[in-house]
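I have placed the structure first, in the form of structure tokens, so that the comments after it can refer back to it.
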Amino acid sequence: MIRLKTEDEIRKIRKAAKIVYETLEMVGEHVQPGVSLNELDQMAEKFIVSKGAIPGFKGLYGFPATLCLSPNDMVVHGIPNGQILHEGDIISVDCGAIVDGYYGDAARTFAVGEIDSEIRKLMDVTRTALEKGIAKCQSGNHLYDIGHSIQSYCESFGFGVVRELVGHGIGTKLHEDPQVPNYGVAGTGPVMKPGLCLAIEPMINAGGKEVYTAKDGWAVHTMDGKTSAHFEHTVAITENGPVVLSQGGETIFDS
Ligand code: MG
Ligand code: MG
Numbered sequence: 001m002i003r004l005k006t007e008d009e010i011r012k013i014r015k016a017a018k019i020v021y022e023t024l025e026m027v028g029e030h031v032q033p034g035v036s037l038n039e040l041d042q043m044a045e046k047f048i049v050s051k052g053a054i055p056g057f058k059g060l061y062g063f064p065a066t067l068c069l070s071p072n073d074m075v076v077h078g079i080p081n082g083q084i085l086h087e088g089d090i091i092s093v094d095c096g097a098i099v100d101g102y103y104g105d106a107a108r109t110f111a112v113g114e115i116d117s118e119i120r121k122l123m124d125v126t127r128t129a130l131e132k133g134i135a136k137c138q139s140g141n142h143l144y145d146i147g148h149s150i151q152s153y154c155e156s157f158g159f160g161v162v163r164e165l166v167g168h169g170i171g172t173k174l175h176e177d178p179q180v181p182n183y184g185v186a187g188t189g190p191v192m193k194p195g196l197c198l199a200i201e202p203m204i205n206a207g208g209k210e211v212y213t214a215k216d217g218w219a220v221h222t223m224d225g226k227t228s229a230h231f232e233h234t235v236a237i238t239e240n241g242p243v244v245l246s247q248g249g250e251t252i253f254d255s
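Each residue of the sequence shown is one higher than the last, beginning at 1 in our numbering.
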């Protein structure tokens, strides 16, 4: 069941999502050749706690860490380990935080030093696809307008749109209704209304759309071993359009 949020609830989601934004900014500054995934995870956890928030992923469904760290052909849900990042890698960083019982959720893919131009293009297209999806978050639009815009844009570059993993509603739970697929038919799905809060998160593959889950039960990889990128924002639908809650600067929900 979809539950619309009050403005007071959205202010709480905003507080959590802003800390997620700040965490991603901080982690991004430390993404460089030689850093380990464990180091990035530990600095994120310290940062979130220092802000008076709770890491949103740690312990949820049994996930053991603060960040999901997914390099190269890993799509999402990587458990941080001792792996060292090297020049030319990319790393998808997914982060959640809880403030006053409300979640924020966002993700970004970072380049490690200089990367291949095709991989740069995959990252740019995925980030733009997220922006296109957010632009559809208008009261009166249909939910699958979001996925349609993401899918049609990404597929026009020949990239694969992951089907098994989707965006989601967000609030007192990290994953609430509705599911927000990154594909779909425009003009279908529930009608969006003010107060709807969504995590929109295209997961886009340089090759085919097929994925598999590793033996650890978490890490999702591309089937063909090609690179994957992931960008995510927490967004509130208002009467005046979408407000990205997981960004810097000021929003109407800062108080
Ligand atoms: Mg996320
Ligand atoms: Mg999410």
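Beta carbons: idealized from backbone N, C-alpha and C, even for Gly.
When the Cα atoms are used, Glu45 and Val161 turn out to be separated by approximately 30 Å. Across the structure, Gly133 and Arg163 are spaced so that their CA atoms are roughly 16 Å apart. According to the DSSP assignment, Asn205 belongs to the beta strand (DSSP E) that extends over 203-205. Going by DSSP, Met74 is part of the beta strand (DSSP E) stretching over 74-76. For Glu201, the shortest C-beta to heavy atom distance toward ligand 1 is below 7 Å.
As DSSP reads the structure, Glu176 sits in a beta bridge with Gly169.
In the three-state reduction of the DSSP assignment, Ile237 falls in the strand class, which pools E and B. Between Gly88 and Ala97, the C-beta spacing is not below 8 Å. Counting only runs of at least 4 residues, the segment 94-174 fully encloses the following alpha helix (DSSP H) elements, listed from N- to C-terminal order: 117-135, 144-155. Fully contained in the segment 3-73 are the following beta strand (DSSP E) runs of length 3 or more, in chain order: 67-71. Under the criterion of beta carbons closer than 8 Å, Thr188 and His142 qualify as touching, at roughly 6 Å. Annotated three-state conformation of Pro80 is coil, per DSSP. Judged by the Cβ position, Asp41 fails to qualify as a neighbour of ligand 2 at the 7 Å threshold, every heavy atom of the ligand being at least this far. Across the set Gly184, Lys12, Ile90, the C-alpha of Ile90 shows the shortest separation from the C-alpha of Gln32. Judged by beta-carbon spacing, Val76 lies within the 8 Å limit of Val220, meaning their Cβ atoms are closer than that value.
Distance from the Cα of Ser228 is smallest, within the candidate group Asp124, Gly171, Lys215, Leu24, for Asp124. Close CB contacts of Gly147 within its chain, under the 6 Å cut and outside five residues either way in sequence, are with Pro181, Asn182, Tyr183, Gly184 (chain order). Proximity of the beta carbon of His142 to ligand 2 is not indicated: no heavy atom of the ligand is located closer than 7 Å.
Listed in chain order, the non-local C-beta contacts of Met192 below 8 Å within the same chain comprise Cys137, Gln138, Ser139, Gly140, Asn141, His142, Leu143, Ile237, local neighbours out to five positions each way being set aside.
For Ala186, the secondary structure class from DSSP, reduced to helix, strand or coil, is coil. Per the C-alpha coordinates, the member of Gly158, Met74, Glu22 positioned closest to Lys51 is Glu22. Listed in chain order, the non-local C-beta contacts of Ile115 below 7 Å within the same chain comprise Gly88, Ile90, local neighbours out to five positions each way being set aside.
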